[in-house]
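Q: Residue numbers (our numbering): 734 to 1188. Backbone N, C-alpha and C define an ideal beta-carbon position, used for all residues, glycine too.
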Ligand code: PFF
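1) Along the chain, which unbroken stretches of the alpha helix (DSSP H) at least 4 residues long are found entirely within the region 1010-1044?
2) Helix, strand or coil, according to DSSP, for residue 757 in the structure here?
3) As a quick exercise: from 913, 1079, 1139 and 1167, pick the residue whose alpha carbon is nearest that of residue 820.
4) Any heavy atom of ligand 1 closer than 7 Å to the CB of residue 1136?
5) Please give me, in chain order, every unbroken run of the alpha helix (DSSP H) with length at least 4 that falls completely inside the region 896-944.
6) Would you tell me roughly how many angstroms separate the C-alpha atoms of residue 741 and residue 981, rounded to the nearest one?
7) Grab me the residues of residue 760's own chain with a C-beta within less than 6 Å of its C-beta, minus the 5 sequence neighbours each way, in chain order.
8) So is residue 1091 buried or exposed if we call it buried at 16+ other beta carbons inside 10 Å?
9) Using the Cβ count rule (16 or more neighbours within 10 Å means buried), how would you classify residue 862?
10) Please return the same chain residues whose Cβ sits closer than 8 Å to the Cβ of residue 736, not counting the five positions on each side in sequence.
11) Buried or exposed: residue 1185, going by 16 or more other Cβ atoms within 10 Å of its Cβ?
12) With a 10 Å radius around its C-beta and 16 neighbouring C-beta atoms as the bar for buried, classify residue 971 as buried or exposed.
13) Using CA coordinates, which residue listed in 750, 752, 755 and 766 is at the minimum distance from residue 1017?
14) Quick one: is residue 949 buried, meaning 16 or more other Cβ sit within 10 Å of its Cβ, or exposed?
15) Pull up the CB-CB distance for residue 832 and residue 1062, whole angstroms please, since I reckon it's below 8 Å.
16) Using 7 Å as the cut-off, classify the Cβ of residue 968 as near or not near the heavy atoms of ligand 1, replying yes or no.
17) If I'm right that residue 785 touches residue 958 with Cβ under 8 Å, what's the distance once you round it to whole angstroms?
18) Sorted by chain position, which residues of the same chain lie with C-beta nearer than 8 Å to residue 1001's C-beta, five sequence neighbours on each side aside?
19) With burial defined as no fewer than 16 other Cβ atoms inside 10 Å of the residue's Cβ, what is the status of residue 919: buried or exposed?
20) Counting only the same chain and skipping the five closest in sequence on each side, list residues whose C-beta sits under 8 Å from that of residue 1098.
21) Taking just the CA atoms, how far does residue 824 sit from residue 809?
22) Given this structure, state the Cα-to-Cα distance separating residue 908 from residue 814, to the nearest angstrom.
23) So, with DSSP's three-state summary, where would you put residue 946?
24) Please report the residue range of the alpha helix (DSSP H) in which residue 969 lies.
25) Out of 836, 1067, 792 and 754, which one is the CA nearest neighbour of residue 1163?
26) Residues in the same chain with beta-carbon distance under 7 Å from residue 840, minus the five sequence neighbours each way, listed in chain order, please.
27) Between the C-alpha atoms of residue 1039 and residue 855, what's the straight-line distance to the nearest angstrom?
28) Taking all protein chains shown into account, do 16 or more other C-beta atoms lie within 10 angstroms of the C-beta of residue 1172, making it buried, or fewer, making it exposed?
29) Specify whether the region 1040-1058 and the region 887-901 touch according to this definition: at least 3 beta carbon pairs, one from each stretch, less than 8 Å apart.
30) CB of residue 1162 to nearest heavy atom of ligand 1: below 7 Å?
31) For residue 1125 versus residue 966, is the C-beta distance shorter than 8 Å?
32) Taking a contact to mean a Cβ-Cβ separation below 8 Å, would you say residue 990 touches residue 1137 in this structure?
33) Put residue 678 into one of helix, strand or coil per three-state DSSP.
34) With respect to 7 Å, is the separation between the Cβ of residue 982 and the closest non-hydrogen atom of ligand 1 below this value?
35) Between the Cα of residue 1130 and the Cα atoms of 1142, 996 and 1167, which residue gives the shortest distance?
36) Suppose the cutoff is 7 Å on Cβ atoms and the five residues either side in sequence are ignored; what does the same chain contact list for residue 922 look like?
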């Protein structure tokens, strides 16, 4: 092994950065903090960490194993392994979920562009109070033209990248930008925990209050673990299908999972101390990070530069995730329907733009979508829950049943270890895939259905 060539090393790193690019996104910096805030803080975080370890890592490895062996999109992968069966429908659900998630994700991603623009024009140079920040946010989300235009713009950027193929350029760019994002997050976290009153935020984030655990908390933590790791809809099957020969797949998969989880916790270290310091409610919902962050930039030296760097990186982190969402859908139409990549990216991206419009209007611009059909829930949150929690959970359980009982743990292990790199604790992997994941995810889903705690 003394003469490992640069090319080989870069192959594995290329995968790690592309997969980390998919995993690290708005899920970590926008969704994790507000879900933790809505679900009682520490107890949610603890359950989320448990699900990452017990379900997330085995599912990452299972998806990658399927991708490496079949070298196909999620539907094609199941077709290749069990032709003529109903299993490809699991891949089909994944493709549908890709649309469902992209249609609301693009709206939030569009908000990041507006904040980037604000930073570039110096809006966050002075200290903003929580109220000032809130009114800036409300101005943005209730303006129908802005919200629709920005999500369209974000989808356009996504289409432009995907139509060219997820090129080496993207890999190279993510290799520089992801570490940069990490550095900025660490600086912001240090600033945040040293704010007056910041410690209360850490207590809220890390001290579990077990009386706060409800079925909704458990469901949200499960959905968050899957969403954040881009699991349950075949994104990792697709990315695993491009994994270079001879490289250490188990190590790469586990590295991505750890990296992703660390970034979520880091985002928590920024948001919660700042929120307690400026007196915003933890349960403020999807606007949480957008309201809290601007009020800490102003208190940093060269705060506006930080704001520019942060929102630029956040938009890029979101872009590397939307690329993977559209890539799943595009790879299906290219492989299975014979469409060209260019046509798939444009047609499916534009279709997604129309699907995104109701979510863009769901934060006050349209009363109908803001309180969808009188349910008291806005259309964006509804989709976030439906696709981002339930559909991913269903996908994950089906995948574990497939790997555990149909394809077989030994085939999955053979694929993971094809290059001779051993998976640590293979028996534990089998146990988690065969028993823990189906039982735990199944129990949560059944409990939610029986008790009717859907939101
Ligand atoms: N993991 C992404 C995030 O945390 O922002 C979101 C995502 C991307 C979910 C790709 C699912 C997916 F297939």
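A: Quick look at the numbers:
1) 1021-1030
2) coil
3) 1139
4) Placement of the Cβ of residue 1136 at a distance of 7 Å or more from every heavy atom of ligand 1 is found.
5) Note on the region 896-944: whole alpha helix (DSSP H) runs with a minimum of 4 residues are 901-926 and 931-939, in chain order.
6) At residue 741, the pLDDT of 31 sits below 50, so the modelled position is not reliable; the number obtained from the coordinates is stated separately. Roughly 10 Å separates the two Cα atoms.
7) 960 and 961
8) In this structure residue 1091 is buried. Its beta-carbon is surrounded by 16 or more other beta-carbon atoms within 10 angstroms.
9) exposed
10) Any reading at residue 736 must be qualified, since the residue scores a pLDDT of 30, below 50, and its modelled position is unreliable; no value is offered.
11) Exposed, since its Cβ has fewer than 16 Cβ neighbours within 10 Å.
12) By the neighbour-count rule (16 or more Cβ atoms within 10 Å), residue 971 is buried.
13) 766
14) buried
15) 6 Å
16) yes
17) So it is a contact: roughly 5 Å between Cβ atoms.
18) 765, 766, 769, 778 and 938
19) Counting C-beta atoms within 10 angstroms of its own C-beta, residue 919 has fewer than 16 neighbours from the protein chains shown and is therefore classed as exposed.
20) 874, 875, 876, 877 and 880.
21) 8 Å
22) Computed Cα separation, rounded: 33 Å.
23) coil
24) 968-973
25) 792
26) 880, 884, 1089, 1092, 1093 and 1113
27) 11 Å
28) exposed
29) yes
30) Result no, Cβ not under 7 Å from ligand 1.
31) Going by C-beta atoms, residue 1125 is nearer than 8 Å to residue 966.
32) Taking 8 Å as the Cβ cut-off, residue 990 and residue 1137 do not qualify as a contacting pair.
33) Lying outside 734 to 1188, the shown extent of the chain, residue 678 is not represented and no answer is given.
34) It does not: the Cβ of residue 982 is nowhere closer than 7 Å to a heavy atom of ligand 1.
35) 1167
36) 999, 1002 and 1003
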